[in-house]
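Asker:
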Amino acid sequence: MNPFIFKQLRRPIFSVLLLLVCSYTALSQTLKPKWEFNVVNDVKHELEKYREAMLTRNYKAMIGFWSNSGDFVMGSDGQIIGGYEDWIAITTGHYQNTKRVEQWDWENVHILPLSELAATVTLEFEFKMVDLNNEIYHAIGSWTYVFRKEDMNWKVIHSNGHHIKL
């Protein structure tokens, strides 16, 4: 290579290399690890399955959302309901009295992967249910779920929120 050409190209080549190194460094700091994307997608999928279970009144699928472990805790409307068995008993009575679910919507869903085995979700909800007496229960509020991966399945281990009746 002609030394004169090399001298002329040295500065542009160095500038391009420096730009590439800086771009790569900045980009690598903003990219999330693949496991974070996987956790977010898996948890979104579980939320959608739960929503579908509620809208179709698929009680078995709805119960499958919750962790049947000694660590499970459910809180609602300012009080701790208790563990899994307490929650299932309350839920069973409630849903046996439900004729149909007319609305079950979530918005402002924030999923924070904590590890490959845990994530939190905070969201706002609105739902409307009609009971066997044709009474309408319509509520909005916010809710937080803590998911844990158990036997390759994502389950809610802690849950708490508040209903505002409309």
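With our numbering, letter number 48 in the sequence shown gets 33, and the count goes up by one each step, no holes. No residue lacks a Cβ here, since even glycine has one placed at the ideal position from N, Cα and C.
1. Rounded C-beta distance between Glu135 and Ile125? I'm assuming under 8 Å.
2. Tell me where the alpha helix (DSSP H) around Glu33 begins and ends.
3. Please report how far the alpha carbon of Ser144 lies from the alpha carbon of Thr129, in whole angstroms.
4. For the candidate residues Lys113, Glu120, Trp139, whose alpha-carbon lies nearest to that of Ile149?
5. Tell me, please, whether the region 71 to 81 touches the region 95 to 102 by the rule of three or more beta-carbon pairs shorter than 8 Å.
6. Spatial neighbours of Trp72 within its chain, please: CB distance less than 8 Å, with the 5 preceding and 5 following residues excluded, ordered by chain position.
7. Tell me the rounded alpha-carbon separation between Val106 and Gln64.
8. Check the C-beta distance from Arg36 over to Trp89 and give it rounded, since I have them as a contact under 8 Å.
9. By the 10 Å Cβ neighbour count, where 16 or more other Cβ atoms means buried, how is Val20 classified, buried or exposed?
10. Any idea what DSSP makes of Gly78, helix, strand or coil?
11. Excluding five sequence neighbours on each side, which residues of the same chain lie with their C-beta closer than 7 Å to the C-beta of Arg133?
12. Going by beta-carbon coordinates alone, are Leu40 and Lys84 separated by less than 8 Å?
13. Just the Cα atoms here: how many angstroms apart are Ile48 and Pro18?
14. Nearest-angstrom Cα distance between Val94 and Asn119?
Answerer: Working from what's here:
1. The pair is not a contact, with the Cβ atoms about 30 Å apart (cut-off 8 Å).
2. Element bounds for Glu33: 19 to 41.
3. C-alpha separation (whole angstroms): 6 Å.
4. Ile149 has its Cα closest to that of Lys113, out of Lys113, Glu120, Trp139.
5. Taking a cut-off of 8 Å for Cβ pairs, the region 71 to 81 and the region 95 to 102 do not touch, as fewer than three such pairs fall below it.
6. Trp51, Phe57, Met59, Ile66.
7. So the two alpha carbons sit approximately 19 Å from each other.
8. The pair is a contact, with the Cβ atoms about 5 Å apart (cut-off 8 Å).
9. The question names Val, yet the displayed sequence has Trp at residue 20. Trp20 is classed as exposed because its beta carbon has fewer than 16 other beta carbons within 10 Å across all chains shown.
10. In the three-state reduction of the DSSP assignment, Gly78 falls in the helix class, which pools H, G and I.
11. Taking C-beta separations shorter than 7 Å and ignoring five residues to either side along the sequence, the partners of Arg133 in its chain run Ser52, Leu102, Ala103, Lys140, Ile142, following chain order.
12. When the beta-carbon positions are compared, Leu40 and Lys84 stay at least 8 Å from each other.
13. About 31 Å.
14. Going by the C-alpha atoms only, they are around 31 Å apart.
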